[in-house]
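>
Residue numbers (full-length UniProt numbering): 1 to 335.
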């Protein structure tokens with residue numbers, strides 16, 4: 001058995017996808033027949049897999065290296081992904097980027113969730129042979145059926161007949177909140193729910209603007225704020241369409257969760273999705289385009305079912321059984 005320690009402090013910041021990715025990966029790997037998995041163990045194991053770039057994990061990585069043990073780091077961020085998300089002083093940002101790059105360079109292997117960020121890490125100076133792509137997984141525990149959908153709508157006081165559009169993530173410009181709200185404003189017969197809030201508070205880019213929208217949304221828009229994962233799942237399971245007009249992503253966990261909850265995916269047409277989601281989603285580039293697609297989904301049953309089937313196919317591509325072997329192969333190669 002390979003003794004694996006998975007280390008993360010992602011639960012310290014609520015409402016962001018790193019924690020979901022960490023927990024889903026840990027849950028999956030515990031089912032492996034060749035791995036003995038520990039979480040945040042102080043004891044030195046054969047391999048340490050780090051999910052967050054905090055100082056404690058930096059020194060933990062150094063400790064493993066001194067013992068000639070291997071370290072894997074999941075690269076959940078690169079400088080580009082921070083630029084439009086957080087308002088950080090330039091000096092601190094420069095220091096943090098240098099620290100981030102050094103963190104990745106020190107690891108034996110860096111794992112990215114899309115090939116675009118593989119190229120980004122290589123450009124930042126991480127050795128090509130030390131960077132590899134392994135996707136996130138779709139959590140099959142996020143099950144769906146019509147009976148549960150109806151029960152959840154009663155729980156949250158939503159009409160059974162209402163066409164419900166859901167998005168999730170931090171409330172910030174990068175997530176496309178402007179187009180989400182504009183699309184809602186021209187579709188007042190639908191209910192739009194955004195699951196998430198301000199995980200980083202006032203340092204969120206555009207905080208004052210988006211806090212004003214958050215506090216006074218259109219009548220057919222609900223901002224839930226930061227909620228626990230079970231509540232996120234509730235909102236996914238009671239909805240008809242997942243709508244994420246984000247401009248920039250790594251590999252959003254919310255997409256995989258939504259595909260497992262039997263609903264079509266409507267996303268912005270960005271280059272990244274073409275190679276990780278294939279043709280399993282609907283796409284647009286403006287609130288007018290998003291609005292037209294949502295109207296078609298609401299009114300055309302054949303169109304809706306076609307989009308739904310593509311989403312289900314995506315959940316199979318990124319299922320646990322298809323991903324766990326890639327992780328096992330990586331850990332075995334380091335022994």
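Yeah, the Cβ is synthetic: ideal placement off N, Cα and C, and Gly gets one too.
#1: Using only CA atoms, which one of 279, 63, 240 lies nearest to residue 397?
#2: Have a look at 109, 114, 39 and flag the residue whose alpha-carbon is nearest the alpha-carbon of residue 318.
#3: In chain order, which alpha helix (DSSP H) runs of at least 4 residues are fully inside the stretch 41-118?
#4: Candidates 124, 110, 34: which alpha carbon is nearest residue 98's?
#5: Excluding the five sequence neighbours on either side, which residues of its own chain have a C-beta within less than 6 Å of the C-beta of residue 244, listed in chain order?
#6: Let me confirm a value: residue 177 is counted as buried when at least 16 other C-beta atoms fall within 10 Å, else exposed. Which label applies?
#7: Return helix, strand or coil for residue 36, following the three-state DSSP convention.
#8: Please check the pair residue 337 and residue 310, which I expect to be a contact at CB under 8 Å, by giving their CB distance rounded to whole angstroms.
#9: Using only the alpha-carbon positions, how far apart do residue 74 and residue 157 sit?
#10: According to the neighbour-count rule (16 or more other Cβ atoms, all chains shown, within 10 Å of its Cβ), is residue 109 buried or exposed?
#11: If you reduce the DSSP assignment to three classes, tell me which class residue 239 lands in.
#12: Does the stretch 317-334 come into contact with the stretch 32-51, if we say contact requires no fewer than three beta-carbon pairs (one atom in each stretch) closer than 8 Å?
#13: DSSP state of residue 251, grouped into three classes?
#14: Between which residues of its own chain and residue 252 is the CB-CB distance below 8 Å, once the five residues before and five after are set aside?
#15: Please check the pair residue 20 and residue 51, which I expect to be a contact at CB under 8 Å, by giving their CB distance rounded to whole angstroms.
#16: With a threshold of 7 Å between beta carbons, is residue 101 in contact with chain D?
#17: Can you tell me whether residue 18 is helix, strand or coil according to DSSP?
#18: Check whether the stretch 48-68 and the stretch 99-106 touch, using three or more Cβ-Cβ pairs below 8 Å as the test.
#19: Here's a check: name, in chain order, each residue in its chain whose Cβ is nearer than 6 Å to the Cβ of residue 185, leaving out the five neighbours to either side.
#20: What residues match up with residue 195 in a beta bridge as DSSP calls it?
#21: Here's a check: name, in chain order, each residue in its chain whose Cβ is nearer than 7 Å to the Cβ of residue 182, leaving out the five neighbours to either side.
#22: If you draw a straight line from the C-alpha of residue 332 to the C-alpha of residue 282, how long is it?
#23: So residue 191 and residue 164 are supposed to be a Cβ contact under 8 Å. How far apart are they, rounded?
#24: Under a Cβ-count criterion, where at least 16 other Cβ atoms within 10 Å of its own Cβ denotes burial, should residue 230 be classed as buried or exposed?
#25: Between residue 89 and residue 276, how many whole angstroms is the CB-CB distance? I'm expecting something under 8 Å.
#26: Going by DSSP in three states, residue 29 sits in which element: helix, strand or coil?
#27: Between residue 315 and residue 254, is the Cβ-Cβ spacing less than 7 Å?
#28: For residue 337 versus residue 237, is the C-beta spacing smaller than 7 Å?
#29: Would you grab the beta carbon distance between residue 291 and residue 220 for me? Rounded to a whole angstrom, and I think it's under 8 Å.
#30: Buried or exposed for residue 15, please, with buried defined as at least 16 other CB atoms from any protein chain shown within 10 angstroms of its CB.
#31: How long is the line joining the alpha carbons of residue 126 and residue 27, rounded to whole angstroms?
Reading it off the structure:
#1: This structure cannot speak to residue 397, because the chain is shown only from 1 to 335.
#2: By 1-based counting over the chain shown, the position of residue 318 is 318. For residue 318, the closest C-alpha among the options 109, 114, 39 is that of 114.
#3: Counting only runs that start and end inside the stretch 41-118, the alpha helix (DSSP H) elements of at least 4 residues fall at 55-66, 79-83, 90-106.
#4: As a position in the chain shown, residue 98 is number 98, starting the count at 1. Residue 98 has its Cα closest to that of 124, out of 124, 110, 34.
#5: Translated into positions along the chain shown, residue 244 becomes position 244. The beta carbon of residue 244 sits closer than 6 Å to the beta carbons of 167, 267 from its chain, once the five residues preceding and following it are set aside; these are given in chain order.
#6: What you label residue 177 is simply residue 177 of the chain shown in a count that begins at 1. Per the 10 Å Cβ criterion, buried.
#7: Along the chain shown, one-based indexing puts residue 36 at 36. Looking at residue 36 - three-state DSSP - the assignment turns out to be strand.
#8: No information on residue 337 is available, as it lies outside the stretch 1 to 335 that the chain covers here.
#9: Residue numbering aside, residue 74 sits at position 74 when the chain shown is read from its first letter. Residue numbering aside, residue 157 sits at position 157 when the chain shown is read from its first letter. Using only the alpha carbons, I get a separation of about 39 Å.
#10: Here residue 109 refers to the residue found at position 109 of the chain shown. Taking every protein chain shown into account, the CB of residue 109 has 16 or more other CB atoms within 10 angstroms, so this residue is buried.
#11: To locate residue 239, count along the chain shown from 1; it is residue 239. Here residue 239 sits in coil by DSSP.
#12: Yes, they touch.
#13: Position 251 of the chain shown holds residue 251. In the displayed model, residue 251 falls within coil according to three-state DSSP, outside both helix and strand.
#14: Residue 252 sits at position 252 when you count from the first residue of the chain shown. Around residue 252: 17, 169, 244, 246.
#15: Indexing the chain shown from 1 puts residue 20 at position 20. Indexing the chain shown from 1 puts residue 51 at position 51. Not a contact, Cβ separation roughly 11 Å.
#16: The structure shown has no chain D; it contains just one protein chain.
#17: Within the chain shown, the letter at position 18 stands for residue 18. Note: residue 18 maps to helix in three-state DSSP.
#18: Flag = yes, the stretch 48-68 and the stretch 99-106 touch.
#19: Here the question's residue 185 lines up with position 185 in the chain shown. Only 218 meet the Cβ criterion.
#20: Numbered from 1 along the chain shown, position 195 holds the residue referred to as residue 195. Residue pairing by DSSP places residue 195 opposite 168 in a beta bridge.
#21: Stepping through the chain shown from its first residue, residue 182 is reached at position 182. Correct list, in chain order: 287.
#22: As a first step, residue 332 is located in the chain shown; it is residue number 332 there, counting from the start. As a first step, residue 282 is located in the chain shown; it is residue number 282 there, counting from the start. Going by C-alpha positions, residue 332 is about 38 Å away from residue 282.
#23: Here residue 191 corresponds to residue number 191 of the chain shown, with the count starting at 1. Here residue 164 corresponds to residue number 164 of the chain shown, with the count starting at 1. The Cβ separation is near 5 Å, so the contact holds.
#24: By one-based count along the chain shown, residue 230 stands at place 230. Flag for residue 230 reads exposed.
#25: Position 89 of the chain shown holds residue 89. Position 276 of the chain shown holds residue 276. About 33 Å; that fails the 8 Å criterion.
#26: Here the question's residue 29 lines up with position 29 in the chain shown. The answer is helix: DSSP assigns residue 29 an H, G or I state.
#27: In the chain shown, the residue the question calls residue 315 occupies position 315. In the chain shown, the residue the question calls residue 254 occupies position 254. No, they are not a contact pair.
#28: With the chain covering only 1 through 335, there is no way to say anything about residue 337.
#29: Within the chain shown, numbered from 1, the residue matching residue 291 stands at position 291. Within the chain shown, numbered from 1, the residue matching residue 220 stands at position 220. Their Cβ separation, rounded to whole angstroms, is 13 Å, which puts residue 291 and residue 220 out of contact at 8 Å.
#30: Here residue 15 refers to the residue found at position 15 of the chain shown. Only weak support is given to the placement of residue 15: the predicted model assigns it a pLDDT of 49, under 50, and the value that follows is read from those uncertain coordinates. Under a 10 Å Cβ-count criterion, residue 15 is classified as buried, with 16 or more other Cβ atoms of the shown protein chains found around its own Cβ.
#31: Numbered from its first residue, the chain shown carries residue 126 at position 126. Numbered from its first residue, the chain shown carries residue 27 at position 27. Annotation: residue 126 to residue 27 spans about 29 Å, alpha carbon to alpha carbon.
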